[in-house]
Amino acid sequence: MLAGASLDNSVNILPEQAPISVKQEASRDEMLSLMRSKKVASLLVLNDEGELVDVVDRSEIEDQILLSPPHLSQLEITYIKQALDDNWVAPAGPNLLRFETELAQKVDRSHALALSSGSGALHLALRVLDVGPGDRVYVSDMTFIASVQPIFYEQAIPVLIDADPEHWNMSVPALERQLAKDHAAGTLPKALVVVHLYGQSADMGAIMQLAESYGVPVVEDAAESLGASYRNRPSGTDGVLAAYSFNGNKIITTSGGGALVSDRQDLIDHARKLSTQGRDTAEHYQHSEVAYNYRMSNILAGIGLGQLSVLDDRVRRRREIFDLYKQELSDIDGITFQGEPPDSRGNRWLSVIAFDPDKIAYHPYTVLRRMRERGLETRPAWKPMHMQPLCRHLEFMPHSDIDTVSSSLFLRSLCLPSGTAMTDEDVRRVAGNLCEILAEG
Numbered sequence: 004m005l006a007g008a009s010l011d012n013s014v015n016i017l018p019e020q021a022p023i024s025v026k027q028e029a030s031r032d033e034m035l036s037l038m039r040s041k042k043v044a045s046l047l048v049l050n051d052e053g054e055l056v057d058v059v060d061r062s063e064i065e066d067q068i069l070l071s072p073p074h075l076s077q078l079e080i081t082y083i084k085q086a087l088d089d090n091w092v093a094p095a096g097p098n099l100l101r102f103e104t105e106l107a108q109k110v111d112r113s114h115a116l117a118l119s120s121g122s123g124a125l126h127l128a129l130r131v132l133d134v135g136p137g138d139r140v141y142v143s144d145m146t147f148i149a150s151v152q153p154i155f156y157e158q159a160i161p162v163l164i165d166a167d168p169e170h171w172n173m174s175v176p177a178l179e180r181q182l183a184k185d186h187a188a189g190t191l192p193k194a195l196v197v198v199h200l201y202g203q204s205a206d207m208g209a210i211m212q213l214a215e216s217y218g219v220p221v222v223e224d225a226a227e228s229l230g231a232s233y234r235n236r237p238s239g240t241d242g243v244l245a246a247y248s249f250n251g252n253k254i255i256t257t258s259g260g261g262a263l264v265s266d267r268q269d270l271i272d273h274a275r276k277l278s279t280q281g282r283d284t285a286e287h288y289q290h291s292e293v294a295y296n297y298r299m300s301n302i303l304a305g306i307g308l309g310q311l312s313v314l315d316d317r318v319r320r321r322r323e324i325f326d327l328y329k330q331e332l333s334d335i336d337g338i339t340f341q342g343e344p345p346d347s348r349g350n351r352w353l354s355v356i357a358f359d360p361d362k363i364a365y366h367p368y369t370v371l372r373r374m375r376e377r378g379l380e381t382r383p384a385w386k387p388m389h390m391q392p393l394c395r396h397l398e399f400m401p402h403s404d405i406d407t408v409s410s411s412l413f414l415r416s417l418c419l420p421s422g423t424a425m426t427d428e429d430v431r432r433v434a435g436n437l438c439e440i441l442a443e444g
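The opening residue of the sequence shown carries number 4 in the numbering used here; numbering runs sequentially from there.
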């Protein structure tokens, strides 16, 4: 119609854009080959009389590559079976105790508490630091909403700190200005929640120095960064407390779950009590404070034990995938990758790219939809908290007086499939399709 045709015209007047058709007996491989060669996402299926009998979408017949699916080892079933055989199916038992011990050792912490979610771990971290109604809590602006929700649980006030343009984590200049401002006003925060985005450590040396100079305790949201390191120490060892997530899409999983770690036994002991409904020391059921049901089950901890044993292999593979993406996309002018702060080694939980809008014609959402048509799952970067309807009223400190980084990254970025079960061929398929789509623009 844009070309001047009416609904009475045949599509043959648009030969370059005419639908591609196949016979009904065409095989899946034949259809897929035709779609790839013609660079189309759908085919018309015709019978012997030339009548339309079906429309096949590429995403229906091409093997999907998901963003970050679970990748189990062969050990999980052994621990699960043991739990079932011994009837340890409650949030207690030998798998749970062993998982906490091995996790603490893995992340170089004295104590670990296995919980039902990373969000629960963050919530308990705020509770044991006595964060309450009206308290200010600094938090990274570019993150998933789970970093902020626990602050709201306690009726505290999140203060959003912008991202760094290189590694996308909390901006040290923004943090420094916010601390100086609140110190002058007598409104310093009760806690600081630093997120390690997409498995890359924040600049914890500078952040800890600032926080300690103002006497502000630091909680690390290491939900995405298990297996990463900063200055040769595991991610999550700098703050007074750190929270991990074992959600199904994380680098290792317990199906659903999380953990809180610390070197302070008093904080973990208090969190442990709060995670099991806050029962006081007594023979009867006595409760003196509001508490929760956040404990991990012994069965899920068995999955965690199996996963923890392959963590180093999973990190190695994620980094290989990231390096292969960089190699395959190196010829495209206008694509950059999330960087690593000095002295850090990310786990590359997700490989994330940013488009230069002056050099890339397509918006990331256009690319996302085209990739989806080809059976390839991608995802936008996290929408910053200051752009969320829930958080629009909150105070926000930008990276500089002239530069807001997190919103710019959100509008230009795309997360690529990064699951550790991907083969090199899978990575090249993702990269090749991305190059093909961008070339069309």
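Ideal Cβ placement from N, Cα and C applies to all residues, glycine included. In this text, all values refer to a predicted model and were calculated from it rather than measured experimentally.
Excluding sequence positions up to five before and after Ile80, its CB lies less than 7 angstroms from no other CB in the same chain. In this chain, the alpha helix (DSSP H) harbouring Lys84 covers 79-88. For Glu223, the CB contacts under 6 angstroms within the same chain, skipping 5 residues up- and downstream, are Val197, Gly239, Gly242, Ala245 in chain order.
Here Glu103 is buried: its Cβ has 16 or more other Cβ atoms, across all protein chains shown, within 10 Å.
Contact between Val264 and Ala149 is absent: CB atoms are separated by about 17 angstroms, not below the 8 angstroms threshold. Judged by their CB atoms, Asp165 and Thr339 are not nearer to each other than the 8 angstroms cut-off. A contact between stretches requires three or more CB pairs, one per stretch, nearer than 8 angstroms, and the segment 71-91 fails this requirement with the segment 111-125. The beta strand (DSSP E) runs lying completely inside the segment 333-404 and spanning 3 residues or more are 338-340, 354-358, 398-400, given in chain order. Sixteen is the threshold: since fewer than 16 other Cβ atoms of the shown chains lie within 10 Å of the Cβ of Gly435, the residue is exposed.
For Ser312, the CB contacts under 8 angstroms within the same chain, skipping 5 residues up- and downstream, are Ser76, Leu78 in chain order. When rounded, the separation of the alpha-carbon atoms in Arg130 and Tyr295 is 11 angstroms. For Pro153, the secondary structure class from DSSP, reduced to helix, strand or coil, is helix.
By the C-beta density criterion, His396 is exposed, having fewer than 16 other C-beta atoms within 10 angstroms. Buried is the label assigned to Gln203, since at least 16 other Cβ atoms lie within 10 Å of its Cβ. Here the alpha carbons of Asn250 and Gly261 stand approximately 7 angstroms from one another. Of the residues assessed, Ile405 falls on the exposed side of the cut-off, its CB having fewer than 16 other CB atoms within 10 angstroms. Put simply, the backbone Cα of Val110 is about 26 angstroms away from that of Met425. Taking one beta carbon from each stretch, the segment 359-370 and the segment 141-161 have fewer than 3 pairs nearer than 8 angstroms; the two do not touch. The C-alpha of Val355 lies about 24 angstroms from the C-alpha of Gln152. Here the alpha carbon of Tyr233 sits roughly 46 angstroms from the alpha carbon of Met38. Burial check for Leu55: the Cβ neighbour count within 10 Å stays below 16, so the residue is exposed. Each residue's CA atom was taken as its position, placing Ser403 and His389 some 15 angstroms apart. Between Lys193 and Leu132, the gap from beta carbon to beta carbon is short of 8 angstroms. Contact between Arg267 and Thr279 is absent: CB atoms are separated by about 19 angstroms, not below the 8 angstroms threshold. Judged by beta-carbon spacing, Ala86 lies within the 8 angstroms limit of Gly96, meaning their Cβ atoms are closer than that value. Of the candidates Pro22, Val175, Arg112, the residue whose Cα lies closest to the Cα of Ile271 is Arg112.
Under the DSSP definition of a beta bridge, Ile271 lacks any partner.
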